[in-house]
Structure formats: C-alpha cells, structure tokens
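Each residue of the sequence shown is one higher than the one before, starting from 2 at the first, in my numbering.
The next block holds one structure in the form of structure tokens; read it before the comments.
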Amino acid sequence: MNINNYIVYIFFLSYKNLVKITVLSFLLIFLFLKPNFANSDELNIFGLGLYDFNKKKNEAIDFRFERRLDKKIFDLGPSVEPLYTIKPFYGIEITSDGAAYGLGGFYVEEKISRKIYLTPSFGGGLYSNGDGKDLGNVVQFRSTLELSYEIPSGDRIGLSIGHISNASLGNKNPGTEILSLSYQSSF
Numbered sequence: 002m003n004i005n006n007y008i009v010y011i012f013f014l015s016y017k018n019l020v021k022i023t024v025l026s027f028l029l030i031f032l033f034l035k036p037n038f039a040n041s042d043e044l045n046i047f048g049l050g051l052y053d054f055n056k057k058k059n060e061a062i063d064f065r066f067e068r069r070l071d072k073k074i075f076d077l078g079p080s081v082e083p084l085y086t087i088k089p090f091y092g093i094e095i096t097s098d099g100a101a102y103g104l105g106g107f108y109v110e111e112k113i114s115r116k117i118y119l120t121p122s123f124g125g126g127l128y129s130n131g132d133g134k135d136l137g138n139v140v141q142f143r144s145t146l147e148l149s150y151e152i153p154s155g156d157r158i159g160l161s162i163g164h165i166s167n168a169s170l171g172n173k174n175p176g177t178e179i180l181s182l183s184y185q186s187s188f
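See the structure below:
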C-alpha cells in the first residue's frame, strides 16, 4: 500500500466515524454538564417515531433528544412587537438500524391557543447511516413541523413530521420522512 492510499484509507475511516463521535459528544456534554433545567422555559424533547414511515423499504424506529434553548437569536417583524422570535436548538437522533444524526438549528414557537403550540424548525448536521438508509452524504438538513399540547403539569405531548435531506449535496438525495410522538419538559 503506497502512502497516498494509506492517507485516503485513514481519512475514510475517520470521516465515517466523525458522525458517531459528534453524536456521542452531544450526549456526553448533556449527561456530564447537567445544565440547570429547573424553572426554565427551555425544553427537553424526548421523541419516539417511525423513520422512513412513508416507504416500507427502510422503515426503522427513531429515537430523538432535542434541547430547545430559550435564547433569542433575532426577531422577525417590527421591533416593538415582533411576529416571531427565532431561537436555537440542538439534538441527536438514533434509529433502530444504527443510523445517527447530530444536529443544531433554529425554531419558532407559536402559541396558537391556550394549550396548543405550533413549532416549525430547521437544522443541519452530520449523519451516519449505520445499517440503515443511505441518505447520500454525511451533511444533512432537517425540517420539522410539530403540534404540541400542554398537559396539566405544564409539560407537553407533541406530534411532528420531519424531513431529512442532503439538499442535493451528494450524488443521490433520497431523503427520509419521520413521524414522531414526543414528551416535552423543562426538567
């Protein structure tokens, strides 16, 4: 094996493991830094869903954790009374097929009635397909639309539909859809 082949081989192995390292890093930061969640408007989202639910070929169970921060990035609309406030989130998704996705992005939360919230979000991150669906690139983007209901404890139950795609960055762009049920809490 010549030196050029060796360098490419090492890069490929490192590149393939980069996503798994990123996802584990998010998880370790969350577990060991233990931010103070009490009395916070920030939400922890624990989701369980169907990955690639609209196609029967690569269907899997999707496990999701997200942390929605209550830090304003910027407002849309007039400065006196903005229409929407853009806020950041970060999270991980892991499927029963071993796919892993670490991402960060932005969300908007709209309270559409006394107990019902509509939350669109958009983010990007790094993806590894494991034994699951090959999405054509390590870089992926996710758009999600969620409807959630506030239960008496102040926590929420949500239903969301999301789409993950590489935005044609790869040679192929099959994308996937995820239907998810979530429990949301500020603990």
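Think of the CB as a built atom: it goes at the ideal place given N, C-alpha and C, for glycine as much as any other residue.
(1) Look at the alpha carbon of Thr96 and the alpha carbon of Glu147, and state the distance between them as a whole number of angstroms.
(2) Please name the residue, chosen from Gln141, Phe64, Ile46, that lies closest to Leu70 on a Cα-to-Cα basis.
(3) In three-state terms, what does DSSP make of Ala100?
(4) Expressed to the nearest angstrom, what Euclidean distance is found between the alpha-carbon atoms of Ser186 and Asn138?
(5) According to DSSP, simplified to helix, strand and coil, what is Pro89?
(6) Around the Cβ of Ile93, are there at least 16 other Cβ atoms within 10 angstroms (buried) or fewer (exposed)?
(7) Take Lys57 as the anchor and find which of Lys134, Leu44, Asp76, Asn130 has the nearest alpha-carbon.
(8) Using a threshold of 9 Å, state whether the C-beta atoms of Asp53 and Ile179 are closer than that.
(9) Would a C-beta distance cut-off of 9 Å place Gly159 and Ser183 closer than the cut-off?
(10) Using beta-carbon positions only, say whether Phe188 and Ile165 come within less than 9 Å of one another.
(11) Quick one: is Ala168 buried, meaning 16 or more other Cβ sit within 10 Å of its Cβ, or exposed?
(12) What is the DSSP secondary structure of Ser187, reduced to helix, strand or coil?
Let me lay it out:
(1) Start at 1 with the first residue of the sequence shown, and residue 96 comes out as number 95. Start at 1 with the first residue of the sequence shown, and residue 147 comes out as number 146. If you take the alpha carbons of Thr96 and Glu147, they lie about 19 Å apart.
(2) On the sequence shown, residue 70 is found 69 positions in, with the first residue counted as 1. It is Ile46 whose Cα lies nearest to the Cα of Leu70.
(3) Here residue 100 corresponds to residue number 99 of the sequence shown, with the count starting at 1. Coil, per DSSP.
(4) On the sequence shown, position 185 is the one that residue 186 refers to. On the sequence shown, position 137 is the one that residue 138 refers to. Their Cα atoms are separated by approximately 33 Å.
(5) Translated into positions along the sequence shown, residue 89 becomes position 88. Pro89: strand per DSSP, three-state reduction.
(6) As a first step, residue 93 is located in the sequence shown; it is residue number 92 there, counting from the start. Classification of Ile93: buried, given that the 10 Å Cβ count is 16 or more.
(7) Along the sequence shown, one-based indexing puts residue 57 at 56. The shortest C-alpha separation from Lys57 is found at Lys134.
(8) Counted from its first residue, the sequence shown places residue 53 at position 52. Counted from its first residue, the sequence shown places residue 179 at position 178. Result yes, Cβ atoms of Asp53 and Ile179 sit closer than 9 Å.
(9) For the purposes of this step, residue 159 is taken as the residue at position 158 of the sequence shown. For the purposes of this step, residue 183 is taken as the residue at position 182 of the sequence shown. Yes, they are a contact pair.
(10) As a working note, residue 188 is residue 187 in the sequence shown. As a working note, residue 165 is residue 164 in the sequence shown. Going by C-beta atoms, Phe188 is not nearer than 9 Å to Ile165.
(11) For the purposes of this step, residue 168 is taken as the residue at position 167 of the sequence shown. With fewer than 16 other Cβ atoms within 10 Å, it is exposed.
(12) Counting from 1 along the sequence shown, the entry for residue 187 is found at position 186. In the structure shown, Ser187 sits in coil (DSSP, three-state: anything other than H, G, I, E or B).
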